[in-house]
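381 is the number that our numbering gives to position 381 of the sequence shown; each next residue is one higher, with no gaps. Every residue, glycine too, gets a C-beta built ideally from N, C-alpha and C.
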Amino acid sequence: MLPLQGLTVIAVEQAVAAPFCSSRLADAGADVIKVERPEGDFARGYDAAAKGQSSYFVWLNRGKDSVVIDLATKQGRQSLEVLISGADVLLQNLKPGSMEKLGFAPARLCRDYPRLICCTISGYGDDGPYAHRKAYDLLIQAESGLASITGGADGPSRVGLSIVDIATGATAHAAILEALIARSRDGSGADIRISMFDVMADWLAVPLLNAEAGNPPQRMGLAHPSIAPYGVFRSADGRDILISIQSEREWKKLCADVLGQPDLPGDVRFANMVERVRNRELTDKTVGDIFATMSRDQLLKRLSDADIAFAEVNTMADLAVHPHLRRIEVATPAGPVSYPAPAPIFVDQPRQYGAVPGIGEHADRGIGEHADRAKAAAAGTPSS
């Protein structure tokens, strides 16, 4: 039996952040009912990379039921109320204030359904001068300062994936699980508010504290601001290899066993981390010149034999055939799609992953049946 089996999640969601959260709840066995507008979650149209379907949608909506509800109508709002009445969790990330205008304010729902765990995702939270703003991933990357410390010297850059959305979805997932644990003890639900800005601000604590201490982070590409050598060096045959030297022991091993320069640590310019960072240009040139005399295979063998931390700077094409890549295959309306497996491995408890739904695919079951299943789950009894 999966850990969340028997629990019902109503997900009034769109885009990435909330769907990331609810997909993980579905993976763990929750009955996730995805409420879509008549035209569907707009993430269905983001691209056509997964057999003509959106890669975002296929990745984040496996194992869910899709029902179409037009919340602009009285009947639609009544239908959503019926679903919520038997749910364990309500997750939503609509435009700020939308649920309140529709009559689904979290405070009212938590009062009417005291066991309900209500999780609201927004851009900037409920209060403050930006609370009314729409917010998307890249906007928060910029507003939080993340973009200012990402990229190289030529200018700020976007992180190459939807890191704010994913981080927010993961935060919501953890918060909901905490609330479920608390409810198992005292029977009380929860009203959880999570803002994308808060999530990123939390994650940016280290660069912020350094900036406030007078050491604002500099954009350094694949180098590290306080460690050297820690960066990319090129082999004789043109392959980029990233190494990380974290301690004096590792520096000595690198010099002796990889660079063939065992006396190098005795040079005062390389004597410790502070000096190597101070003389970063010379440090990197010394390492880089020797790396450039060896092939990729020679370097990888020497680095591995010396137990030096390293990685190749791979592309998505490299990831697709990477020997460590685990995959799952999920059914979709256009056929099976294979993509990376979720990270957690539950030993001796293999997971099965549900299909990606078409728009309103489960409407034939009717709101009533979904509500019956939700109420049965809430009561701890199987539905008919």
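| query | result |
| --- | --- |
| Buried versus exposed call for A11 [16 or more other C-beta atoms within 10 Å across all chains shown] | buried |
| L91 - partner residues in DSSP beta bridges | A11, C119 |
| Option in L90, F20, A72, E143 with minimal Cα separation from I117 | L90 |
| Where E36 falls, given that 16 or more other Cβ within 10 Å makes a residue buried | buried |
| Proximity below 8 angstroms, CB of V337 to CB of V58 | yes |
| Unbroken alpha helix (DSSP H) run spanning Y136, endpoints | Here Y136 belongs to no alpha helix (DSSP H), and DSSP marks it neither H nor E. |
| Residues bridged to E178 (per DSSP) | BP columns for E178 are empty, so no partner. |
| H362: CB within 7 angstroms of a non-hydrogen atom of the ligand SAH | What this structure holds is no ligand at all, so the ligand SAH is not there to describe. |
| Neighbourhood of M1 by C-beta, 7 angstroms cutoff - its chain only, sequence neighbours within 5 removed | none |
| Rounded separation between I245 and D307 - CA only | 11 angstroms |
| Top-ranked residue by Cα proximity to K74, from F104, C21, F197 | F104 |
| Buried or exposed (CB count within 10 angstroms, at least 16 for buried), K134 | exposed |
| Reduced DSSP secondary structure (H/G/I, E/B, other) of S244 | strand |
| Burial state of S384 (16 or more Cβ within 10 Å) | Low confidence applies to S384: its pLDDT is 34, below 50, so where it sits in the model is not reliable, and the reading given next is rough at best. Label assigned to S384: exposed. |
| Expected contact under 8 angstroms - CB spacing of S22 and K64 to nearest Å | 7 angstroms |
| Cβ pair count under 8 angstroms reaching 3, the region 78–96 against the region 106–117 | yes |
| DSSP-derived helix/strand/coil call for S383 | With a pLDDT of 43 at S383, under the threshold of 50, the modelled position of this residue cannot be trusted, and the question is left open. |
| DSSP three-state assignment for D191, whether helix, strand or coil | strand |
| Span of the alpha helix (DSSP H) around A17 | 17–27 |
| Element boundaries [beta strand (DSSP E), containing A309] | 309–312 |
| Cβ pair count under 8 angstroms reaching 3, the region 180–196 against the region 146–156 | no |
| Bridge partner(s) assigned by DSSP for R234 | D240 |
| Per-residue DSSP class, three states only, for E369 | helix |
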